[in-house]
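Under my numbering, the residue at position 161 of the sequence shown is numbered 144, and the numbers go up by one with no gaps. All C-beta atoms in this analysis are idealised placements derived from N, C-alpha and C, irrespective of residue type, glycine included. A quick note: this is a predicted structure, and the numbers were derived from the prediction, not measured. Down below is the structure, laid out as structure tokens.
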Amino acid sequence: MPARPLTTSISTASRGASLPCPKTHSMHSFRPMIDPLSSWLVLKLAREFYGKAPEALDAAEREHVASIVLKQAEIERRILASIEAASVMLSQTAIDHALAEIRARYESEDEYRADLARAGLSPTSLRSAIERDLIVEAVLERVAARAPAVSDTDVEIFYLENRIKFVKPETRKLRHILVTINETLRGSTRGQAAAKIAAIRTRLVKEPARFADQALKHSECPTALNGGALGTLPRGKLYSELDAVAFALPEGGLSEVVESPLGLHLLFCERIDPPRVVSLAEAREKVRAHLEEKRRHAAQKAWIIALPSG
């Protein structure tokens, strides 16, 4: 089946809900214990958690997926039995579109049907499963829409109570040149690599502005194609040997030769951005979106927990 299966919001909403979970079963295959609709859940969750087809899971992975499928299938059953679900009007066009997205991931109809068969599904049962997914998704969207609105005051309180989260550390815009060491490769012995990078550094001491050009010509790192650009980084993103040197350089500074597990490097600091506190004006919309998502999820979770079990 597809590497990116269609998913629904039930995945996150239901996993946080504390509902009774049926006993799981030790098994070598999912098929004896589940119906075709649950086969779709197995397929989705195997991909989501492990990036594998169900048949590729090991015993522990199968057990984990099976336990979640049993719980999620029961929650979906309760959602679909709700008053909210009864009022959902789902168009056949929406189902057709979702199925078309899945089918488009296959090169041939035979490949598509073979993958369905391996998952214990047919085109008909897949359509039913997709229809159920879309109804559940629509119901949960309606429930989430009932969440209290986030006010400006809510945003400001969160910002003031979580100031530490809005501190941006010092970052540096860096470039590097790498020359690797390989004692078995002609021209790349330690001595030859050291001589090569020393010559590059001599040229750069005279003309630091040529760093990107020298990286493009001589660096053995893929970043050479972009002039050796490493990007704008905080501390801790590079090898420790490089990190210490990079964050000791002045703006516009060129390092001495530095060795890391990759080889010999030259570092160049283009810009230093000092640490700062992100202002409320900058953070406001991200904070609002964060709080809205939390409230939506909380509303879904509370509603699911309150669903009748009968």
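Residue range of the alpha helix (DSSP H) that includes residue i
{"i": "Phe251", "result": "Unbroken run through Phe251 is the beta strand (DSSP E), 246 to 256; no alpha helix (DSSP H)."}
{"i": "Leu63", "result": "42 to 63"}
{"i": "Gly34", "result": "Taken as a continuous stretch (DSSP letters only), Gly34 belongs to no alpha helix (DSSP H), as it is neither H nor E."}
{"i": "Ser111", "result": "106 to 127"}
{"i": "Thr76", "result": "75 to 86"}
{"i": "Gly103", "result": "Taken as a continuous stretch (DSSP letters only), Gly103 belongs to no alpha helix (DSSP H), as it is neither H nor E."}
{"i": "Arg186", "result": "173 to 189"}
{"i": "Leu143", "result": "135 to 144"}
{"i": "Val71", "result": "Taken as a continuous stretch (DSSP letters only), Val71 belongs to no alpha helix (DSSP H), as it is neither H nor E."}
{"i": "Leu225", "result": "223 to 229"}
{"i": "Ala198", "result": "194 to 201"}
Residues bridged to residue i (per DSSP)
{"i": "Ala212", "result": "Arg158"}
{"i": "Pro217", "result": "Thr154"}
{"i": "Glu242", "result": "Leu247"}
{"i": "Val260", "result": "Val150"}
{"i": "Leu237", "result": "Phe251"}
Alpha-carbon spacing of residue i relative to residue j, whole angstroms
{"i": "Ala130", "j": "Val241", "result": "55 Å"}
{"i": "Ser171", "j": "Leu249", "result": "17 Å"}
{"i": "Ser238", "j": "Tyr142", "result": "39 Å"}
{"i": "Leu216", "j": "Arg88", "result": "37 Å"}
{"i": "Phe194", "j": "Gly210", "result": "7 Å"}
{"i": "Arg125", "j": "Glu57", "result": "20 Å"}
{"i": "Thr136", "j": "Lys148", "result": "18 Å"}
{"i": "Arg184", "j": "Val260", "result": "37 Å"}
{"i": "Lys284", "j": "Ile51", "result": "16 Å"}
{"i": "Glu114", "j": "Ala81", "result": "9 Å"}
{"i": "Leu168", "j": "Ala198", "result": "21 Å"}
{"i": "Ala68", "j": "Leu123", "result": "9 Å"}
{"i": "Glu203", "j": "Val188", "result": "20 Å"}
{"i": "Lys220", "j": "Arg146", "result": "24 Å"}
{"i": "Gln175", "j": "Pro258", "result": "40 Å"}
{"i": "Ala212", "j": "Tyr222", "result": "16 Å"}
{"i": "Arg96", "j": "Arg218", "result": "50 Å"}
{"i": "Lys277", "j": "Glu144", "result": "16 Å"}
{"i": "Ala282", "j": "Ala128", "result": "9 Å"}
{"i": "Glu31", "j": "Asp196", "result": "43 Å"}
{"i": "Leu263", "j": "Arg279", "result": "23 Å"}
{"i": "His201", "j": "Leu225", "result": "19 Å"}
{"i": "Pro3", "j": "Lys54", "result": "Legend: pLDDT at Pro3 = 32, less than 50; position of this residue unreliable, value from coordinates given subsequently. Each residue's alpha carbon lies about 8 Å from the other."}
Cβ-heavy atom distance, residue i to the ligand SAM, below 7 Å
{"i": "Leu213", "result": "The model on display carries no ligand, and the ligand SAM is accordingly not part of it."}
query = Can at least three beta-carbon pairs, one atom from the stretch 114 to 122 and one from the stretch 222 to 235, be found at a separation below 8 Å?
reply = no
The stretch 237 to 255 in contact with the stretch 152 to 166 per 3-pair CB rule at 8 Å = yes
inquiry  = I want to know whether the stretch 22 to 37 touches the stretch 257 to 271 - three or more CB-CB distances under 8 Å.
reply    = no
query = Does the stretch 286 to 293 come within contact of the stretch 59 to 67, defined as at least 3 CB pairs closer than 8 Å?
reply = yes
query = Do three or more CB pairs link the stretch 40 to 52 to the stretch 97 to 108 at distances below 8 Å?
reply = no
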